[in-house]
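The structure under discussion appears below in the form of structure tokens.
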Amino acid sequence: MNTLVISSSPNNDGLTAACAQAAMEGLKAGGAEVERVSLNQLDIGKCQACDRGWGTCKTKHRCQVQDDFQALHERACKADALVLVTPVYWHEMSESAKAFTDRLRRCEGNRGEESGLYNHPMLMVAAAGGSGNGMITCLASMERWIDHVKGRKFDLIPVNRWTRDYKLVTIRAAGEALAGLQAEMYVGRL
Ligand SMILES: Cc1cc2nc3c(=O)[nH]c(=O)nc-3n(C[C@H](O)[C@H](O)[C@H](O)COP(=O)(O)O)c2cc1C
Numbered sequence: 033m034n035t036l037v038i039s040s041s042p043n044n045d046g047l048t049a050a051c052a053q054a055a056m057e058g059l060k061a062g063g064a065e066v067e068r069v070s071l072n073q074l075d076i077g078k079c080q081a082c083d084r085g086w087g088t089c090k091t092k093h094r095c096q097v098q099d100d101f102q103a104l105h106e107r108a109c110k111a112d113a114l115v116l117v118t119p120v121y122w123h124e125m126s127e128s129a130k131a132f133t134d135r136l137r138r139c140e141g142n143r144g145e146e147s148g149l150y151n152h153p154m155l156m157v158a159a160a161g162g163s164g165n166g167m168i169t170c171l172a173s174m175e176r177w178i179d180h181v182k183g184r185k186f187d188l189i190p191v192n193r194w195t196r197d198y199k200l201v202t203i204r205a206a207g208e209a210l211a212g213l214q215a216e217m218y219v220g221r222l
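Take 33 as the starting number for the sequence shown in this note's numbering and just add one per residue.
Here's what the structure looks like:
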């Protein structure tokens, strides 16, 4: 069982990193294999809206803008489950998370049950370290994204600096439960 944990903060020791670490610990405790990716260490540019709106994302389900997106697209689809942890910027996902999810949605979002992410359980975490405003707006956007790529919502967790301690415990528990869900799915019991 393989889970990809994607984080999208430039800070290696901030709230986002702590949430990603908690998810990884829980996943591992639940028996999952875990890979971690930091989007800010990759070269993933924004969607170019090729050919007046749609490019090969629509026709071939591949992005024609060549950078680190292609490899991560493949890894995300191969993973049994996804965890995406973003800092809340301007009540939204961070720019690196937006760039990646926008392009992934274009490739997989118009494929119905053929989506490479179809039914993949997803755990989303929005880490708001400032005012605490915008956690829910951010998660609402992440929820829409899951709907568009036909993933399965496992959980959407908001965290801010006041809730940090107990939410890290929650995120770890969510990771462990997600690993258990994967095992159930893998043997076809769900
Ligand atoms: C450009 C920018 C916009 C931000 N917007 C918000 C916001 O809307 N709401 C909020 O609570 N915090 C906001 N913050 C604070 C971040 O959510 C906070 O710094 C968070 O801890 C970032 O995660 P990190 O610890 O991994 O860096 C913003 C930070 C930046 C840099």
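Note that CB positions come from ideal geometry on N, CA and C, so glycine has one too.
Measuring alpha carbon to alpha carbon, tell me which of the options ends up nearest residue i.
i: alanine 106; options: Gly148, Pro42, Asp197; result: First, the amino acid is wrong: residue 106 is glutamate here, not alanine. Of the listed residues, the one whose Cα sits closest to glutamate 106 is Gly148.
i: methionine 154; options: Gly141, Leu114, His180; result: Leu114
i: glutamate 124; options: Ala159, Glu145, Asp99; result: Ala159
i: glycine 166; options: Asp179, His152, Ser126, Trp122; result: Trp122
i: asparagine 151; options: Phe132, Asn72, Met217; result: Met217
i: glutamate 127; options: Gln73, Ser163, Arg84; result: Gln73
i: leucine 116; options: Cys109, Glu67, Met156, Ala54; result: Met156
i: isoleucine 203; options: Asn34, Ser39, Ala55; result: Ala55
i: isoleucine 38; options: Lys78, Cys89, Ala131; result: Ala131
i: valine 191; options: Leu104, Ser163, Arg68, Gln98; result: Ser163
i: aspartate 75; options: Ala61, Lys60, Glu65, Gln102; result: Gln102
i: arginine 196; options: Ala50, Cys170, Arg84; result: Ala50
i: leucine 213; options: Gly85, Asp45, Gly63; result: Gly63
i: alanine 108; options: Leu210, Leu36, Ala211; result: Leu36
Starting from the C-beta of residue i, find all residues in its chain whose C-beta is less than 6 Å away, skip the five residues before and the five after it, and write them out in chain order.
i: serine 41; result: Thr48, Pro119
i: valine 181; result: Arg137, Glu140, Gly141, Ser147, Leu149
i: cysteine 89; result: Cys95, Arg138, Cys139
i: glycine 161; result: Leu47, Arg193
i: asparagine 34; result: Glu65, Ala111, Asp112
Quick one: is residue i buried, meaning 16 or more other Cβ sit within 10 Å of its Cβ, or exposed?
i: aspartate 112; result: buried
i: arginine 135; result: buried
i: arginine 176; result: exposed
i: threonine 91; result: exposed
i: glutamate 67; result: exposed
i: alanine 61; result: exposed
i: glycine 183; result: buried
i: valine 201; result: exposed
i: glutamate 208; result: buried
Under the DSSP definition of a beta bridge, which residues are partnered with residue i?
i: alanine 113; result: Thr35
i: glutamate 106; result: For glutamate 106, which the question treats as bridged, DSSP gives no partner whatsoever.
i: methionine 154; result: Leu114, Lys185
Grab me the residues of residue i's own chain with a C-beta within less than 7 Å of its C-beta, minus the 5 sequence neighbours each way, in chain order.
i: cysteine 82; result: Gln96
i: glycine 87; result: Gln96
i: arginine 143; result: His93
i: alanine 129; result: Ser40, Leu71, Leu116, Thr118
i: cysteine 79; result: Asp134, Arg135, Arg138
Output needed for residue i: all residues of its chain with C-beta closer than 8 Å, excluding positions within five of it in sequence on either side, in chain order.
i: tyrosine 198; result: none
i: alanine 206; result: Ala55, Gly58, Leu155, Phe186, Asp187, Ile189
I want to check one thing, is the minimum distance from the CB of residue i to the heavy atoms of ligand 2 below 8 Å?
i: arginine 68; result: This structure lacks ligand 2; its bound ligands are ligand 1.
Quiz prompt | Ordered list of beta strand (DSSP E) runs contained in the segment 158-194, each at least 3 residues | solution = Whole beta strand (DSSP E) segments, 3+ residues: 184-192.
Quiz item: Along the chain, which unbroken stretches of the alpha helix (DSSP H) at least 4 residues long are found entirely within the segment 66-152?
Solution: With a minimum length of 4 residues, the continuous alpha helix (DSSP H) runs that stay inside the segment 66-152 are 88-91, 101-110, 127-140.
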